[in-house]
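Note sheet for the following structure.
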Amino acid sequence: MFSWVSKDARRKKEPELFQTVAEGLRQLYAQKLLPLEEHYRFHEFHSPALEDADFDNKPMVLLVGQYSTGKTTFIRHLIEQDFPGMRIGPEPTTDSFIAVMHGPTEGVVPGNALVVDPRRPFRKLNAFGNAFLNRFMCAQLPNPVLDSISIIDTPGILSGEKQRISRGYDFAAVLEWFAERVDRIILLFDAHKLDISDEFSEVIKALKNHEDKIRVVLNKADQIETQQLMRVYGALMWSLGKIINTPEVVRVYIGSFWSHPLLIPDNRKLFEAEEQDLFKDIQSLPRNAALRKLNDLIKRARLAKVHAYIISSLKKEMPNVFGKESKKKELVSNLGEIYAKIEREHQISAGDFPSLRKMQELLQTQDFSKFQALKPKLLDTVDDMLANDIARLMVMVRQEESLMPSQAVKGGAFDGTMNGPFGHGYGEGAGEGIDDIEWVVGKDKPTYDEIFYTLSPVNGKITGANAKKEMVKSKLPNTVLGKIWKLADVDKDGLLDDEEFALANHLIKVKLEGHELPTDLPPHLIPPSKRRLE
Numbered sequence: 001m002f003s004w005v006s007k008d009a010r011r012k013k014e015p016e017l018f019q020t021v022a023e024g025l026r027q028l029y030a031q032k033l034l035p036l037e038e039h040y041r042f043h044e045f046h047s048p049a050l051e052d053a054d055f056d057n058k059p060m061v062l063l064v065g066q067y068s069t070g071k072t073t074f075i076r077h078l079i080e081q082d083f084p085g086m087r088i089g090p091e092p093t094t095d096s097f098i099a100v101m102h103g104p105t106e107g108v109v110p111g112n113a114l115v116v117d118p119r120r121p122f123r124k125l126n127a128f129g130n131a132f133l134n135r136f137m138c139a140q141l142p143n144p145v146l147d148s149i150s151i152i153d154t155p156g157i158l159s160g161e162k163q164r165i166s167r168g169y170d171f172a173a174v175l176e177w178f179a180e181r182v183d184r185i186i187l188l189f190d191a192h193k194l195d196i197s198d199e200f201s202e203v204i205k206a207l208k209n210h211e212d213k214i215r216v217v218l219n220k221a222d223q224i225e226t227q228q229l230m231r232v233y234g235a236l237m238w239s240l241g242k243i244i245n246t247p248e249v250v251r252v253y254i255g256s257f258w259s260h261p262l263l264i265p266d267n268r269k270l271f272e273a274e275e276q277d278l279f280k281d282i283q284s285l286p287r288n289a290a291l292r293k294l295n296d297l298i299k300r301a302r303l304a305k306v307h308a309y310i311i312s313s314l315k316k317e318m319p320n321v322f323g324k325e326s327k328k329k330e331l332v333s334n335l336g337e338i339y340a341k342i343e344r345e346h347q348i349s350a351g352d353f354p355s356l357r358k359m360q361e362l363l364q365t366q367d368f369s370k371f372q373a374l375k376p377k378l379l380d381t382v383d384d385m386l387a388n389d390i391a392r393l394m395v396m397v398r399q400e401e402s403l404m405p406s407q408a409v410k411g412g413a414f415d416g417t418m419n420g421p422f423g424h425g426y427g428e429g430a431g432e433g434i435d436d437i438e439w440v441v442g443k444d445k446p447t448y449d450e451i452f453y454t455l456s457p458v459n460g461k462i463t464g465a466n467a468k469k470e471m472v473k474s475k476l477p478n479t480v481l482g483k484i485w486k487l488a489d490v491d492k493d494g495l496l497d498d499e500e501f502a503l504a505n506h507l508i509k510v511k512l513e514g515h516e517l518p519t520d521l522p523p524h525l526i527p528p529s530k531r532r533l534e
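In the UniProt record's numbering, the protein residues as written are 1 to 534.
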């Protein structure tokens, strides 16, 4: 008689079963979050509905910066290949959004064709109209880098009088749309012109709530002297601090991201280290893509819940017959008080609420009589998704990552520093002497031997206590000296002979020069008399 009750209860108890994280995210969104969004008209206020392509697409990198900061050159540097539609010059050359993606043959897909392709994650860009779509294209080409990631090139942000000319579409809103869907946002600055124009400032503010995706690149840093570079870096950090408005310091990568010789090579090592760090960050994107999509869905669900409370509160306050317009104006102007009331009643963090000013602007054009009252069942479904389904997907994310540990961006500039003598740090620090026939420690061994024979060796070896007296003179912490002792005591007898003592001093020198110690002793550092033991 009550079979429908038991069936519904049974469906609620049974956990959702998913084959992959992407499939799980797609199903959870369609079945649990999308009904809430549609009921409270979320898409008219915040972000269009997600589609299948949003869950299946490759990680995307968005490049943003003023004109002539090297955005297109940066892409050319990464993929080591020209791409269709590419134009480089000191004037504002890239006047379009170009999605650089993998394809079997080289070619360009215009914006209007791109937004009707269900396999691409761009269909919702249709809302920005023809003025934007005429300035949007996809450059596709076969390239190993693009096998793993897609890169979005953007028009140069204007400054001075040029920013008064209307683009014909909402540039900041388009960037905000991309920011929600990409995995990394790279803001490029030119070391020669750090002025942040009004349009650039507006763009950076539009990227708020996506600070975790933002990385900053100070490009063309090889064109200025070290002293100037320090001043430029400080000025950039000061400017960004005023706009981004967060207590954390944003990560800035300094370098010259193109394949030409360095004009001023004084900071070559710094540029190499910075480029390596940035490349590692980009290479990690495919491995972390599922986690990023999961994180974005959680953020979206929290915003959708808050939106539902706001809309239902406004509906509740509206009169049934007379005085609707005056009441609407009153509610919009007092929206801050409604935020505070919802925050108290539902224990919601203030950080989860949408921008007050933006919400007030959007509400001006809405018909409040069409808003829906609070429907607890829809909210309970989303709460259940956040509490249970997301937790199960988190486990699946880790499992997928463990099955694909080597998933990283390959090809292009990423291969140039992977192996061989031009790999970062090759032949430096503990790697010094890696290609030498002679033992690299041998050249300083006479100096170390003089110290060794003052430490009362017995049968050609000194005790740990005697070695410690000398090693602590380096002023390195005991944790570091303990690791050096383990690496230097090759035969593990608790004593050091003259070769092992020389090795210990060599490793101390490596550490004092600012290099990291190896986890295991490299073959080229093993003392000659001990090599037969290995």
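We put the beta carbon where it would ideally sit given N, CA and C, even for glycine.
| Check | Outcome |
| --- | --- |
| Under 8 Å, do glutamine 66 and isoleucine 157 count as touching if we go by C-beta distance? | yes |
| Which residues mark the beginning and the end of the beta strand (DSSP E) in which proline 110 is found? | 107–110 |
| Given a threshold of 16 other Cβ atoms within 10 Å of its Cβ, counted over all protein chains shown, does valine 458 qualify as buried or as exposed? | exposed |
| Is aspartate 190 buried or exposed, if buried means 16 or more other CB atoms sit within 10 Å of its CB? | buried |
| Report buried or exposed for methionine 359, applying the criterion of at least 16 other Cβ atoms within 10 angstroms of its Cβ. | buried |
| Alpha helix (DSSP H) containing aspartate 380: first to last residue? | 376–384 |
| Only counting the same chain, and skipping five residues up and downstream in sequence, which positions put a Cβ closer than 6 Å to that of histidine 102? | Leu146, Asp147 |
| Alpha carbon to alpha carbon, how far is aspartate 82 from proline 144? Give it in angstroms, no decimals. | 14 Å |
| Are leucine 335 and phenylalanine 45 touching if we call contact CB-CB under 8 Å? | no |
| What is the rounded straight-line gap between the Cα of glutamate 428 and the Cα of cysteine 138? | 42 Å |
| Look up arginine 167 in the DSSP assignment and say whether it is helix, strand or coil. | coil |
| What are the partner residues of arginine 184, as DSSP defines its beta bridges? | Val61 |
| Taking contact to mean 3 or more Cβ pairs, one atom from each stretch, closer than 8 Å, check whether the segment 209–227 and the segment 247–259 are in contact. | yes |
| Please name the residue or residues paired with residue 594 in a DSSP beta bridge. | Absent from the model: residue 594. The displayed extent of the chain is 1 to 534, so no value can be given. |
| Quick one: Cα of glycine 442 to Cα of valine 510, how far? | 15 Å |
| In chain order, which alpha helix (DSSP H) runs of at least 4 residues are fully inside the segment 231–292? | 268–283 |
| If you draw a straight line from the C-alpha of threonine 381 to the C-alpha of isoleucine 342, how long is it? | 19 Å |
| Short check: CB of proline 84 to CB of glycine 70, under 8 Å? | no |
| Got a sec, what are the start and stop residues for the beta strand (DSSP E) alanine 99 sits in? | 97–102 |
| Considering only DSSP beta bridges, list what lysine 193 is partnered with. | Asp190 |
| Check the DSSP bridge columns for serine 150 and list the partner residues they point to. | Met60 |
| Short of 8 Å in beta carbon distance, which residues of its chain neighbour aspartate 52, apart from the five on each side in sequence? Order them along the chain. | Arg26, Pro118 |
| Please confirm whether leucine 507 and isoleucine 526 have their CB atoms less than 8 Å apart. | no |
| Going by the beta-carbon positions, is the gap between alanine 273 and leucine 386 smaller than 8 Å? | no |
| If we ignore side chains and look at the alpha-carbon of each, how far apart do glutamate 80 and alanine 413 end up? | 6 Å |
| How about alanine 502 and alanine 467: do their beta carbons lie closer than 8 Å? | no |
| Tell me where the alpha helix (DSSP H) around phenylalanine 200 begins and ends. | 198–206 |
| Which residue from Val440, Asn134, Val182, Glu325 puts its Cα closest to that of residue 542? | Past the edges of the chain, shown from 1 to 534, lies residue 542, and the structure says nothing about it. |
| Out of Gln364, Asn295, His346, state which residue places its alpha-carbon closest to the alpha-carbon of lysine 327. | Gln364 |
| Count the other CB atoms, across all protein chains shown, that sit within 10 Å of the CB of residue 547; report buried if there are 16 or more and exposed otherwise. | Lying before the first or after the last residue shown, residue 547 is absent from the chain, which here runs from 1 to 534. |
| Let me know the secondary structure DSSP gives tyrosine 339 once reduced to three states. | helix |
| So does the segment 312–325 actually touch the segment 446–457, counting three or more Cβ pairs closer than 8 Å? | no |
| Between Arg123, Asn57, Val21, which has its C-alpha nearest serine 150's C-alpha? | Asn57 |
| Alpha helix (DSSP H) containing phenylalanine 452: first to last residue? | 445–452 |
| With 8 Å set as the bound, which would you pick, yes or no: does the beta-carbon of leucine 374 sit closer than that to a beta-carbon of chain D? | Of the protein chains in the structure, only one exists, and it is not chain D. |
| Flag this pair as yes or no: are the beta carbons of valine 61 and arginine 231 separated by less than 8 Å? | no |
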